[in-house]
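Asks: For any residue, its number in the numbering used here is found by taking its place in the sequence shown, counting from 1, and adding 12.
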Amino acid sequence: WFFTFRPLLRWCKEMTTRQVAHALPKTELHLHLDGSVSEAFLVSRAKVHNFELPCEPSKVRDHLFDLKMAFWTQERRVGEEEEVKLEDKKQSWPHFNFVNEFLQTQDDLIAGTADICHQLIDQNVWLAEIRFCPSLHQEKGLSLEQVVEATVEGFRSGAGDKLFGGIIICALRSLGIEHFKEMIQLTKKFLGKGVVGFDVAGDEGNYPLSLYKDALEEACLAGIPSTCHAGEWPNSTENIRIAADVGVRRLGHALTLRSDPELMERISKLGIGVECCVVANLGWRGSSWEGNHPIVEMYNAGIPVSINSDNQLLSGTRARYANTQEDICHLVDTLGCSWTMVKQILLNGVTTSFSELPEDFNSRFETEIDSVFKEHRINIISNL
Numbered sequence: 013w014f015f016t017f018r019p020l021l022r023w024c025k026e027m028t029t030r031q032v033a034h035a036l037p038k039t040e041l042h043l044h045l046d047g048s049v050s051e052a053f054l055v056s057r058a059k060v061h062n063f064e065l066p067c068e069p070s071k072v073r074d075h076l077f078d079l080k081m082a083f084w085t086q087e088r089r090v091g092e093e094e095e096v097k098l099e100d101k102k103q104s105w106p107h108f109n110f111v112n113e114f115l116q117t118q119d120d121l122i123a124g125t126a127d128i129c130h131q132l133i134d135q136n137v138w139l140a141e142i143r144f145c146p147s148l149h150q151e152k153g154l155s156l157e158q159v160v161e162a163t164v165e166g167f168r169s170g171a172g173d174k175l176f177g178g179i180i181i182c183a184l185r186s187l188g189i190e191h192f193k194e195m196i197q198l199t200k201k202f203l204g205k206g207v208v209g210f211d212v213a214g215d216e217g218n219y220p221l222s223l224y225k226d227a228l229e230e231a232c233l234a235g236i237p238s239t240c241h242a243g244e245w246p247n248s249t250e251n252i253r254i255a256a257d258v259g260v261r262r263l264g265h266a267l268t269l270r271s272d273p274e275l276m277e278r279i280s281k282l283g284i285g286v287e288c289c290v291v292a293n294l295g296w297r298g299s300s301w302e303g304n305h306p307i308v309e310m311y312n313a314g315i316p317v318s319i320n321s322d323n324q325l326l327s328g329t330r331a332r333y334a335n336t337q338e339d340i341c342h343l344v345d346t347l348g349c350s351w352t353m354v355k356q357i358l359l360n361g362v363t364t365s366f367s368e369l370p371e372d373f374n375s376r377f378e379t380e381i382d383s384v385f386k387e388h389r390i391n392i393i394s395n396l
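Here's what the structure looks like:
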């Protein structure tokens, strides 16, 4: 009888996990604005701008995944050809470009940021740090300051008193050193005024962090809380090493840490947080991390890992959205993590955040976790 009912038992366990995952308080430290607005937002802004969608409103995400997969296929084909010039590989990402068409006015940015905040509140996220590159939002004449002000206003209006956090300003590797320095200065100007930190994002494969090491080090020495996409792309472990050398407080993804145990130990000793994006990495660049994401190895090494969506609209798979609830389900049901481990990972999201939080936030966050476990009769020593 056990084998007959095993599929039903597995289904019941997964449903319980999903209920608990939704109820638990969560954080989002690695979340891109232009990859996380909702389909409903895109449809509504298309109407505002009299823009004819290339698909049915209900198929917007499918269309974006078509664009993404076509780009990856083309990129792999170009990458396999010999003597390809770097300039020939400076392709923008069409799925992000499509979304950014609807984030070019102050009203767009306010509505888009607020839309993400509403999604997060519905998912029971308590703390969020939404990142974006202001330079991508100037096609209709906005100044960089106007772009940041609108995004900050959108966060404040969307978050209300239910969501804490702020905005992280990104510099894109492919836009060069002057852009990089400009984003650092912009971060300085708005730090503590809705902006909470600085990030380095974009193409690790063609633009190694060594190009920007001095500028990033200056930002860290100036006291700007900094994170950096590093170790996300193949053969990019050196970027993690450089980021640690200059003093970043967090790393985005850091998947390639697995290949360097000594560096993993160093990151642990330095207390650098890693923003893991578990479900988001399942289909990253056509590869699969199913059942094999290195978050457990990082955790066991003592690294303060957190779980994050990366892009709630554009990451994950066609069948599975990327969000922190899905990450928890994957940790428990696929990677075999205990609820004790899940609790610590959730707490790491608070302790490694850049945001100024109420004095009692940490204790209330932990108390809520314990309350959810008690309500669902979960023994946090095991997965029983």
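The C-beta atom is built at its ideal place from N, Cα and C for all residues, glycine as well.
Rounded to a whole number of angstroms, what is the C-alpha to C-alpha distance between Thr268 and Lys59?
Replies: As a position in the sequence shown, residue 268 is number 256, starting the count at 1. As a position in the sequence shown, residue 59 is number 47, starting the count at 1. Rounded to whole angstroms, Thr268 to Lys59 spans 43 Å at the Cα level.
Asks: Rounded to a whole number of angstroms, what is the C-alpha to C-alpha distance between Leu132 and Lys38?
Replies: Residue mapping note: residue 132 aligns to position 120 of the sequence shown, counting from 1. Residue mapping note: residue 38 aligns to position 26 of the sequence shown, counting from 1. Their backbone Cα atoms lie some 9 Å apart in a straight line.
Asks: Residues in its own chain within less than 7 Å of Glu151 by CB, not counting five upstream and five downstream?
Replies: For the purposes of this step, residue 151 is identified with residue 139 of the sequence shown, where counting begins at 1. So the qualifying residues of the chain are Gln116.
Asks: By the DSSP assignment, the alpha helix (DSSP H) with Lys200 in it spans what residues?
Replies: For the purposes of this step, residue 200 is taken as the residue at position 188 of the sequence shown. It spans 189 to 202 - the alpha helix (DSSP H) in which Lys200 sits, taken as one unbroken run.
Asks: Pull up the distance between the alpha-carbon of Leu223 and that of Arg253, whole angstroms please.
Replies: Counted from its first residue, the sequence shown places residue 223 at position 211. Counted from its first residue, the sequence shown places residue 253 at position 241. Taking the straight line joining both Cα atoms gives about 14 Å.
Asks: Express the C-alpha separation of Thr163 and Ile122 in angstroms, rounding to a whole number.
Replies: Within the sequence shown, numbered from 1, the residue matching residue 122 stands at position 110. Within the sequence shown, numbered from 1, the residue matching residue 163 stands at position 151. Using only the alpha carbons, I get a separation of about 5 Å.
Asks: Tell me whether the beta-carbon of Phe210 lies closer than 7 Å to the beta-carbon of Ile189.
Replies: As a first step, residue 210 must be located in the sequence shown, where it is residue number 198. As a first step, residue 189 must be located in the sequence shown, where it is residue number 177. Cβ distance not < 7 Å, so Phe210 and Ile189 don't count as in contact.
Asks: When you compare only the Cα positions, how much space is there between Gly314 and Asp272?
Replies: Along the sequence shown, one-based indexing puts residue 314 at 302. Along the sequence shown, one-based indexing puts residue 272 at 260. Rounded to whole angstroms, Gly314 to Asp272 spans 15 Å at the Cα level.
Asks: Give me, in chain order, the residues of the same chain whose beta-carbon lies closer than 7 Å to that of Phe192; leave out the 5 immediate sequence neighbours on both sides.
Replies: For this step, residue 192 is matched to residue 180 along the sequence shown. For Phe192, where only same-chain residues beyond five positions count, the Cβ hits under 7 Å are Ala183, Tyr224, Ala227.
Asks: Could you give the distance in angstroms between the alpha-carbon of His52 and the alpha-carbon of Leu187?
Replies: In the sequence shown, the residue the question calls residue 52 occupies position 40. In the sequence shown, the residue the question calls residue 187 occupies position 175. In the sequence on display, residue 52 carries Ala and not His. So the two alpha carbons sit approximately 31 Å from each other.
Asks: Please report how far the alpha carbon of Val233 lies from the alpha carbon of Gly217, in whole angstroms.
Replies: The residue given as residue 233 occupies position 221 in the sequence shown. The residue given as residue 217 occupies position 205 in the sequence shown. In the sequence as displayed, the identity of residue 233 is Leu instead of Val. One C-alpha to the other measures close to 26 Å.
Asks: Out of curiosity, what's the CA-to-CA distance linking Phe366 and His241?
Replies: What you label residue 366 is simply residue 354 of the sequence shown in a count that begins at 1. What you label residue 241 is simply residue 229 of the sequence shown in a count that begins at 1. Each residue's Cα considered, the two are about 16 Å apart.
Asks: Alpha carbons only, please: which of Leu358, Glu387, Thr125, Pro220 is nearest the one belonging to Ser375?
Replies: For the purposes of this step, residue 375 is taken as residue 363 along the sequence shown, with counting starting at 1. Checked all of Leu358, Glu387, Thr125, Pro220; the closest Cα to Ser375 is Leu358.
Asks: Per DSSP, what are the beta-bridge partners of His265 in this structure?
Replies: One-based indexing of the sequence shown puts residue 265 at position 253. Answer is Ala242, bridged to His265.
Asks: Can you tell which of Thr125, Val55, Gly283 has its C-alpha closest to the C-alpha of Val160?
Replies: To locate residue 160, count along the sequence shown from 1; it is residue 148. Per the Cα distances, Thr125.
Asks: Would you mind sorting Phe110 into buried or exposed? The rule is 16 or more other CB atoms within 10 Å of its CB.
Replies: The residue given as residue 110 occupies position 98 in the sequence shown. Buried is the call here.
Asks: Figure out for me which residue from His75, Ser350, Ala140, Asn312 has the closest Cα to the Cα of Thr336.
Replies: The count along the sequence shown starts at 1 and reaches residue 336 at position 324. The candidate whose alpha carbon is nearest that of Thr336 is Ala140.
Asks: Using the C-alpha atoms, what's the distance from Ile142 back to Cys289?
Replies: Here residue 289 refers to the residue found at position 277 of the sequence shown. Here residue 142 refers to the residue found at position 130 of the sequence shown. Those two C-alpha atoms are separated by around 14 Å.
Asks: In the structure shown, what three-state DSSP assignment does Asp215 receive?
Replies: Position 203 of the sequence shown holds residue 215. Asp215: coil per DSSP, three-state reduction.
Asks: Can you tell me whether DSSP reads Lys386 as helix, strand or coil?
Replies: Here residue 386 is taken as the residue at index 374 of the sequence shown, counted from 1. In the structure shown, Lys386 sits in a helix (DSSP, three-state: H, G or I).
Asks: Can you give me the C-alpha to C-alpha distance between Asn391 and Gln31, rounded to a whole angstrom?
Replies: As a position in the sequence shown, residue 391 is number 379, starting the count at 1. As a position in the sequence shown, residue 31 is number 19, starting the count at 1. Between Asn391 and Gln31, the C-alpha separation is close to 16 Å.
Asks: Check the DSSP bridge columns for Ile179 and list the partner residues they point to.
Replies: Here residue 179 refers to the residue found at position 167 when the sequence shown is read from its first residue. Bridge partners of Ile179: Ile142, Val207.
Asks: Just checking my contact of Val212 with Leu203 at CB under 8 Å: how many whole Å lie between their CB atoms?
Replies: By one-based count along the sequence shown, residue 212 stands at place 200. By one-based count along the sequence shown, residue 203 stands at place 191. With a Cβ gap of about 16 Å, Val212 and Leu203 do not count as contacting.
Asks: Would Asp46 pass as a contact of Phe108 if the rule is Cβ separation under 7 Å?
Replies: Taking the first residue of the sequence shown as position 1, residue 46 is located at position 34. Taking the first residue of the sequence shown as position 1, residue 108 is located at position 96. Cβ atoms of Asp46 and Phe108: closer than 7 Å.
Asks: Give me the Cα-Cα distance between Ala33 and Ser155, rounded to the nearest whole angstrom.
Replies: The count along the sequence shown starts at 1 and reaches residue 33 at position 21. The count along the sequence shown starts at 1 and reaches residue 155 at position 143. Distance between the alpha carbons of Ala33 and Ser155: 40 Å.
Asks: With a threshold of 16 other CB atoms inside 10 Å of the CB of Leu282, please say whether the residue is buried or exposed.
Replies: To locate residue 282, count along the sequence shown from 1; it is residue 270. Leu282 should be labelled exposed.
Asks: Give me the Cα-Cα distance between Arg89 and Lys80, rounded to the nearest whole angstrom.
Replies: Working through the sequence shown from its first residue, we reach residue 89 at position 77. Working through the sequence shown from its first residue, we reach residue 80 at position 68. With a pLDDT of only 48 at Arg89, under 50, the local geometry of the prediction cannot be trusted, and no value is derived from it.
Asks: How is the alpha helix (DSSP H) around Leu358 delimited, first residue to last?
Replies: To locate residue 358, count along the sequence shown from 1; it is residue 346. Element bounds for Leu358: 351 to 363.
Asks: Confirm, please, whether the CB-CB distance from Ala35 to Val384 is below 7 Å.
Replies: On the sequence shown, residue 384 is found 372 positions in, with the first residue counted as 1. On the sequence shown, residue 35 is found 23 positions in, with the first residue counted as 1. Yes. Within cutoff.
Asks: Kindly indicate which three-state DSSP category Lys71 falls into: helix, strand or coil?
Replies: As a position in the sequence shown, residue 71 is number 59, starting the count at 1. Of the three classes helix, strand and coil, the one that applies to Lys71 here is helix, per DSSP.
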